[in-house]
Every structure is written in structure tokens, then in C-alpha cells.
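Q:
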Amino acid sequence: MQMTAAMREANAGEGLTERQGAVLEQALRLLVDGGEKALTTAGIARAANCSKESLYKWFGDRDGLISAMIGFQASKVRTQDVAAKALDAESLERHLIVFAKDLLEVLAGDVSLALNRLAIGQASRDGSKLGHMLQERGRRQIGRRAAALLEAGRKAGLLTFDDADEAYGALYGLIVSDWHLKMLLGEEAGEMKKGFGRKAEQAVAAFLTLYGTKR
35 MQMTAAMREA
45 NAGEGLTERQ
55 GAVLEQALRL
65 LVDGGEKALT
75 TAGIARAANC
85 SKESLYKWFG
95 DRDGLISAMI
105 GFQASKVRTQ
115 DVAAKALDAE
125 SLERHLIVFA
135 KDLLEVLAGD
145 VSLALNRLAI
155 GQASRDGSKL
165 GHMLQERGRR
175 QIGRRAAALL
185 EAGRKAGLLT
195 FDDADEAYGA
205 LYGLIVSDWH
215 LKMLLGEEAG
225 EMKKGFGRKA
235 EQAVAAFLTL
245 YGTKR
């Protein structure tokens, strides 16, 4: 399978080889097409044209594989590792818009929706293991990287806040609002996706109005 630029960036973000990223991409596709029951080592090995031994070597047990799948998906939301001295108001806004658009597109994708719906379905059993993984390897992984960008913005004198995590929570809320819940409940996403670029820009503009030093 040919790797896209986004997949190569996701691999780099997760410390994966190109081959491992391709395997995880196949595993995610199996989840979307066949649900949780399709996530067997035999099925993934067959779809990805690799051995079961390789799967165990790379990802460990089934939980390790699912954790890797979530982390791989989360790493598709790009956040630039930028030093404060390299930032100005224009470049910070640009980085935030890229992040916001990526977040919208990843959360609206079939893979993320399938993972979230599966976690919701399991919420009353198994100690919400999948939900915990989504929080730790998904949202919090994205949040830590975004908070680092916000912290760089604060050090550059472009943002003002007391807590980077709290500021990120505000940014996340402005970007996501209630449309993700609507998608999880089955609302047609086509029209909403067309407006992601504009929504990302509006969310970042609102965030900079709240936290920017040049507001």
C-alpha cells in the first residue's frame, strides 16, 4: 500500500516504521468495515500481508495493538514543535489553524467515529478500557502537543494564560463545539466537512481574542 504524506507524518510522530504504519492503517480500516469482531490477529495479518508473529513483536497483545492504533490516529493531528523565538503572531495563528483543521478532519473521519462509538458501547463494561485508551493515547496525546505550542506562544509574548491545559481546553471547545456529538449520533457529515477550513479559522480567531496579547 502506498503511503500518503499524512501517513508518513503520523509514523514519524509515533516512532513507527513505514511498514508498521501501513499495518495499523489496515487494522483501522478493518475496524471501520467490520467492527470490533474484525480485529483479530489473523484478520489483521491477512489484510496487512504480514505474520502474526510480527504483530506480537511490534505491538504486543491485542490491547497493545489497539493502543498503537489510537496513538497512530491521534498523531495525524499535526502540531509543530516550534521554539518561542521562531514565532510571531502570523505564524502562531497559521500553526493553530493547521492544528484546528487537522483535529476536525481526524475526529470526523470514519476511523475516529468508529473508535468513539465502540468506546461508548463498552462504557458500562470492561472498566471502560477502550475509553481510557482513547483518553490517554488519543485526546491527551493531542492535548500535550497542542499545549506545548500554546506554551511557546506564551513565551513569545503572543498569548497570555495561567494554565496551558486550561487554555487548550478552551481551544478544543471552540474547535469541536457540538458537531462531533452530532456525527456520533449519525448526522450526515458531508455538509459540515465542507466548512472545516472556515470553522478552523473562526475557532482560532475566537481563541486569540480570548488569549492573544494583541487582542
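Plus 34 on top of the position in the sequence shown (first one is 1) and you've got my numbering. Every residue gets a Cβ at the ideal spot worked out from N, C-alpha and C, and that includes glycine.
Over what stretch of residues does the alpha helix (DSSP H) that includes residue 119 continue unbroken?
A: Per DSSP, residue 119 belongs to no alpha helix (DSSP H) and is neither H nor E.
Q: Name the one or two DSSP bridge partners that residue 246 has.
A: Its beta-bridge partners are 193.
Q: What runs of the alpha helix (DSSP H), each 4 residues or longer, lie entirely inside the stretch 75-115?
A: Complete alpha helix (DSSP H) runs here, min 4: 75-82, 86-93, 96-108.
Q: Give me the Cβ distance between residue 135 and residue 56, rounded to the nearest whole Å; I'm assuming they're in contact under 8 Å.
A: Actually they do not touch by this definition, with Cβ atoms about 25 Å apart.
Q: Mind checking residue 221: buried by the 16 CB within 10 Å criterion, or exposed?
A: By the 10 Å Cβ count, residue 221 comes out exposed.
Q: Please name the residue in 147, 238, 74, 92 whose C-alpha comes closest to that of residue 250.
A: Nothing in the structure corresponds to residue 250, since the chain is present only between 35 and 249.
Q: If we ignore side chains and look at the alpha-carbon of each, how far apart do residue 201 and residue 240 end up?
A: Roughly 12 Å between the two C-alpha positions.
Q: Smallest Cα separation from residue 16: which of 188, 137, 126?
A: For the chain, the structure presents residues 35 to 249; residue 16 sits outside this window and is missing.
Q: Alpha carbon to alpha carbon, how far is residue 49 from residue 260? Give it in angstroms, no decimals.
A: Outside the shown range of the chain (35 to 249) lies residue 260, about which nothing can therefore be said.
Q: Whole angstroms is fine: what's the gap from residue 236's alpha carbon to residue 169's?
A: If you take the alpha carbons of residue 236 and residue 169, they lie about 26 Å apart.
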